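Visitor: Below are the structure tokens for one structure; questions will follow.
2 protein chains.
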Amino acid sequence: MTSLSGSDDGPAQPRATMRDVAALAGVSLKTVSRVVNGEPGVTEPLARKVRAAAERLQYRPNLGASSLRRSGGRTATIGLLLPDVANPFSSALHRAVEDVAVARGVAVLAASLDEDPDREVRLAGAFATRRVDGLIVVPASHDHGYLRAEQRAGTALVFVDRPPVLLDADAVLADGRAGAANGVRHLVGHGHRRIGFLGDLATITTAQDRLQGYRDALAAAGLADRPDLVRSDLRTVEQAESAALALLGRRHPPTALFAGQNLVTIGAIRALRRLGRQHEVALVGFDDFPLADLLEPAVTVVAQDPAAMGTLAARLLFARIDGDTDPTTTRVVPTRLVPRGSGELPPRG
Amino acid sequence: MTSLSGSDDGPAQPRATMRDVAALAGVSLKTVSRVVNGEPGVTEPLARKVRAAAERLQYRPNLGASSLRRSGGRTATIGLLLPDVANPFSSALHRAVEDVAVARGVAVLAASLDEDPDREVRLAGAFATRRVDGLIVVPASHDHGYLRAEQRAGTALVFVDRPPVLLDADAVLADGRAGAANGVRHLVGHGHRRIGFLGDLATITTAQDRLQGYRDALAAAGLADRPDLVRSDLRTVEQAESAALALLGRRHPPTALFAGQNLVTIGAIRALRRLGRQHEVALVGFDDFPLADLLEPAVTVVAQDPAAMGTLAARLLFARIDGDTDPTTTRVVPTRLVPRGSGELPPRG
DNA sequence: TTGAAAGCGCTAACAA
DNA sequence: TTGTTAGCGCTTTCAA
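Just so you know, the protein sequences line up as chains A and B, in that order. The first sequence runs 1 to 349 under the numbering used here. The second sequence runs 350 to 698 under the numbering used here.
Below, the structure is given as structure tokens:
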């Protein structure tokens with residue numbers, strides 16, 4: 001066999017344990033433990049012998065065994081439950097959380113919920129079974145009482161983007177209602193009177209907030225609420241595209257659209273393109289997305305800051321893990337209107 | 350205190366253990382273990398009592414303790430080392446791996462390497478310390494011998510996008526050389542003779558492959574290799590934009606560009622936009638990205654299939670975890686040229 | 001400064 | 001079918 005030894009050279013060799021290292025170094029188990037954990041009270045020559053033995057045996061401490069015995073039982077691992085690890089909002093949040101975690105030597109378990117409440121419960125359970133020190137959740141469910149046992153057992157908990165329901169926990173939210181109102185007001189300010197709304201699944205609290213913001217802005221402008229211009233429950237780009245096409249195919253179509261989410265905005269753009277009306281019908285989307293500024297017209301959005309939300313959530317989580325027992329807080333991260341062109345088109349037709 | 354008990358009602362309550370469940374149910378520890386693990390040989394009335402007790406105590410099995418004792422020591426957790434969890438290639442791969450893992454009850458630890466070899470070694474170590482059953486790696490380093498000890502200890506290992514070096518392990522690769530050659534041939538076929546190349550960090554094997562493919566296609570077309578039209582080591586959109594601007598500002602600028610990576614393609618688009626030449630200079634990018642089809646002109650790409658690569662990598666990994674000891678394999682996933690407009694522009698100037 | 005003994009929560013091996 | 005005992009790899013506690 002060459003040095004490129006592969007996966008086929010026989011059964012797995014057992015890993016070296018602390019015992020093995022102790023035996024090779026001629027010291028006790030506890031001395032090895034002290035050296036490995038950087039505890040004081042070991043003379044340098046002895047420590048050196050231990051390190052040499054560990055190196056020779058390619059020793060890797062077993063964190064599972066360690067945290068089983070250690071008081072507090074920390075695993076140096078946290079869980080992150082996201083709508084979908086592959087969506088830009090989730091993955092920007094993920095990266096920000098990771099950066100805070102890695103700096104503390106903490107590993108991150110991530111999973112996608114697909115807006116499925118059962119999946120949330122299942123995956124939170126899977127993480128709890130692995131004894132994560134904390135959980136950052138962008139929830140899909142609407143009753144988070146099932147997490148109370150974990151919380152009482154000492155698992156830190158931070159909700160992001162959507163508040164905890166029937167549970168008291170920290171939260172980091174974007175102000176979707178004010179942000180949406182701001183986006184719609186922007187359209188009103190450019191002269192629009194018939195503004196369509198395209199929204200995500202109505203059971204999602206953020207989708208409700210954004211619709212409410214849309215209504216707030218209409219009311220503030222003295223415009224009638226037109227339920228026939230509102231389409232909710234759009235789960236995919238395709239559904240959003242169809243809904244936008246339907247709205248624009250009406251006898252008196254809206255002169256502007258407000259899209260309540262990432263993928264919905266993209267569906268609306270596709271619909272406008274297909275009709276060749278992207279320079280005629282104004283569009284403001286909630287939540288920014290990559291390349292929005294390179295489209296023509298560039299897309300005006302109400303931008304959230306997923307990275308800031310992730311960093312904040314991780315800081316809150318680690319503060320709890322470090323023993324903070326202050327009353328829970330809800331932090332609201334502001335949104336920001338980014339005018340790029342599509343939202344500044346004047347009404348036509 | 351209300352039922353919305355928060356994080357401030359005193360010290361954490363200890364978790365119920367199997368012992369506690371056994372005591373409450375009036376059975377032995379082992380009987381609880383059998384019920385929890387769905388092992389046969391427990392009568393239904395007894396099993397029911399155990400389940401009731403577990404429910405009452407909100408019992409959660411401790412997977413760490415379980416895998417410490419269990420022969421094989423599986424943790425039902427795998428690690429995923431990616432260039433950056435927030436980049437579209439990585440996150441599409443991540444999602445595909447997750448889907449295979451979750452179906453098996455396996456959790457996924459994910460981390461970003463940022464093309465930093467030291468970070469790779471550190472994070473692989475952090476995962477090994479947590480005794481992951483397997484590791485899927487898109488490596489940043491160029492010597493993977495450091496993983497041999499893990500491999501021998503039974504950790505399954507699959508490399509994605511870049512082959513293992515000085516180590517024998519399974520790999521799932523895209524055929525970057527052939528794909529890039531295909532993209533450049535496409536430009537040649539549309540009449541281009543001066544084709545610029547913009548590439549990622551030259552130390553990355555895939556970047557080298559793609560540059561080689563570019564050269565292959567030029568040679569096959571009888572065109573001279575023009576090192577002055579090649580720019581490598583572009584790490585960011587901004588760097589790619591500058592490099593593209595420099596190339597296009599030459600006395601005899603290229604009539605077409607081949608961009609060797611995601612972000613580089615976007616930088617090239619920004620440069621062309623800034624010059625107002627996006628309808629004059631042809632562009633083919635390696636690796637697809639969201640909304641490429643909505644830009645004007647829509648962007649012709651050599652598409653990889655990160656989801657297919659992730660699914661395949663996960664399947665290979667779990668086959669190894671399940672005991673497959675066949676010789677290691679390298680699977681090459683084909684790329685696909687997607688003509689959308691930018692790559693079909695004729696030469697000008 | 002160093003080490004011996006006990007035990008974290010669980011499963012393997014074996015006994016009743 | 002059910003239970004008992006030992007011990008996974010490590011840290012805690014306490015003694016030398």
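Where is the CB? At the ideal position from N, CA and C, for every residue including glycine. Owing to the predicted nature of the structure, the values given are computational and were not obtained by experimental measurement.
So, do the region 246-265 of chain A and the region 625-644 of chain B have three or more beta carbon pairs nearer to each other than 8 Å?
Guide: Cβ pair count under 8 Å is below three, so no.
Visitor: Report the residues of the region 246-280 of chain A with a CB closer than 9 Å to any CB of chain B, ordered along the chain.
Guide: If the cut-off is 9 Å between Cβ atoms, the region 246-280 of chain A has 266, 269, 270, 273 near chain B.
Visitor: What three-state label does DSSP hand residue 204 (chain A) in the structure shown?
Guide: In the structure shown, residue 204 (chain A) sits in coil (DSSP, three-state: anything other than H, G, I, E or B).
Visitor: Would you say residue 588 (chain B) reaches chain A, if we count a Cβ-Cβ gap shorter than 7 Å as a contact?
Guide: No, residue 588 (chain B) lies away from the interface with chain A (no Cβ there is under 7 Å from its Cβ).
Visitor: Work out the CA separation of residue 548 (chain B) and residue 298 (chain A) for me, nearest whole Å.
Guide: Spanning the two alpha carbons is a distance of roughly 27 Å.
Visitor: Report the rounded CA-to-CA distance for residue 183 (chain A) versus residue 307 (chain A), giving the unit in angstroms.
Guide: Distance between the alpha carbons of residue 183 (chain A) and residue 307 (chain A) is about 21 Å.
Visitor: Consult DSSP for residue 273 (chain A) and reduce its assignment to one of helix, strand or coil.
Guide: Of the three classes helix, strand and coil, the one that applies to residue 273 (chain A) here is helix, per DSSP.
Visitor: Does any residue of chain B have a CB that is nearer than 7 Å to the CB of residue 355 (chain A)?
Guide: The structure shown does not extend to residue 355 (chain A), since chain A spans only 1 to 349, so no value can be given for it.
Visitor: Three-state secondary structure (DSSP) at residue 33 (chain A)?
Guide: It is helical.
Visitor: By a C-beta neighbour count over all protein chains shown, 10 Å radius and 16 as the cutoff for buried, is residue 569 (chain B) buried or exposed?
Guide: That one is exposed.
Visitor: Measure the alpha-carbon distance for residue 224 (chain A) versus residue 304 (chain A) and round it to whole angstroms.
Guide: Roughly 28 Å between the two C-alpha positions.
Visitor: Taking a Cβ distance cut-off of 8 Å, strictly less, list which residues of the region 113-137 of chain A are near chain B, in chain order.
Guide: Listed by position, the residues of the region 113-137 of chain A near chain B (Cβ gap below 8 Å) are 123, 125, 126, 127, 128, 129, 130, 131.
Visitor: Using the rule of at least 16 other Cβ atoms within 10 Å of the residue's Cβ for burial, across every protein chain shown, is residue 362 (chain B) buried or exposed?
Guide: By the neighbour-count rule (16 or more Cβ atoms within 10 Å), residue 362 (chain B) is not buried but exposed.
Visitor: Which partner residues does residue 170 (chain A) have in the DSSP bridge list?
Guide: Beta-bridge pairing links residue 170 (chain A) to A:158.
Visitor: Rounded to a whole number of angstroms, what is the C-alpha to C-alpha distance between residue 491 (chain B) and residue 42 (chain A)?
Guide: Cα to Cα, the separation comes out at about 37 Å.
Visitor: Looking at the secondary structure, which residues open and close the beta strand (DSSP E) in which residue 496 (chain B) lies?
Guide: It is not in any beta strand (DSSP E) - residue 496 (chain B) carries neither H nor E in the DSSP assignment.
Visitor: How about the region 100-120 of chain A and the region 78-92 of chain A: do they share at least three Cβ pairs that are nearer than 8 Å?
Guide: Enough Cβ pairs lie closer than 8 Å, so yes.
Visitor: The region 41-64 of chain A: which residues have C-beta closer than 8 Å to a C-beta of chain B, in chain order?
Guide: Here the close residues are 58, 60, 61, 62, 63, 64.
Visitor: Starting from the beta carbon of residue 15 (chain A), find every residue of chain B whose beta carbon is closer than 7 Å, and list them in chain order.
Guide: Simply 502.
Visitor: For residue 155 (chain A), which of A:288, A:125, A:205 has the nearest alpha-carbon?
Guide: Comparing Cα positions, the closest option is A:125.
Visitor: Could you check whether the region 363-379 of chain B touches the region 321-339 of chain A, counting it as contact only if at least three pairs of C-beta atoms, one from each stretch, sit closer than 8 Å?
Guide: Touching, no, given that fewer than three Cβ pairs across the two stretches are closer than 8 Å.
Visitor: Should residue 28 (chain A) be labelled buried (16 or more other beta-carbon atoms within 10 Å of its own) or exposed?
Guide: Classification of residue 28 (chain A): exposed, given that the 10 Å Cβ count is below 16.
Visitor: Spatial neighbours of residue 457 (chain B) within its chain, please: CB distance less than 7 Å, with the 5 preceding and 5 following residues excluded, ordered by chain position.
Guide: These residues qualify, in order along the chain: 427, 429, 446, 447, 450.
Visitor: Can you pull the DSSP bridge partners for residue 77 (chain A)?
Guide: Answer is A:107, bridged to residue 77 (chain A).
Visitor: If you follow the beta strand (DSSP E) that residue 632 (chain B) is in, where does it begin and where does it stop?
Guide: Element bounds for residue 632 (chain B): 631-635.
Visitor: Does the CB of residue 144 (chain A) have a neighbour CB from chain B at under 7 Å?
Guide: No, its Cβ sits nowhere closer than 7 Å to a Cβ of chain B.
Visitor: Going along chain A in order, which residues have a C-beta closer than 8 Å to the C-beta of residue 416 (chain B)?
Guide: Within 8 Å Cβ-Cβ: 64.
Visitor: Mapping the DSSP letters down to three states, classify residue 352 (chain A) as helix, strand or coil.
Guide: A question about residue 352 (chain A) goes unanswered here, because the residues of chain A that appear run from 1 up to 349.
Visitor: Contact criterion: CB-CB distance below 7 Å. Does residue 645 (chain B) meet it with respect to chain A?
Guide: At least one chain A Cβ lies under 7 Å of residue 645 (chain B).
Visitor: Name, please, each residue of chain B whose Cβ falls closer than 9 Å to the Cβ of residue 75 (chain A).
Guide: Here the neighbours are 413, 479.
Visitor: So that I know if they touch, is there some Cβ in chain A lying closer than 7 Å to that of residue 440 (chain B)?
Guide: Answer yes: the Cβ-Cβ gap between residue 440 (chain B) and chain A drops below 7 Å somewhere.
Visitor: Consider the Cβ of residue 190 (chain A): report whether some Cβ of chain B lies at a distance smaller than 7 Å.
Guide: For residue 190 (chain A), the answer is no, since every Cβ of chain B falls outside 7 Å of its Cβ.
Visitor: Sorted by chain position, which residues of the same chain lie with C-beta nearer than 8 Å to residue 682 (chain B)'s C-beta, five sequence neighbours on each side aside?
Guide: Answer for residue 682 (chain B): 521, 522, 523, 524, 653, 654, 657, 658, 661, listed in chain order.
Visitor: Following the continuous alpha helix (DSSP H) through residue 311 (chain A), name the residue where it begins and the one where it ends.
Guide: Residue 311 (chain A) -> alpha helix (DSSP H) spans 306-321.
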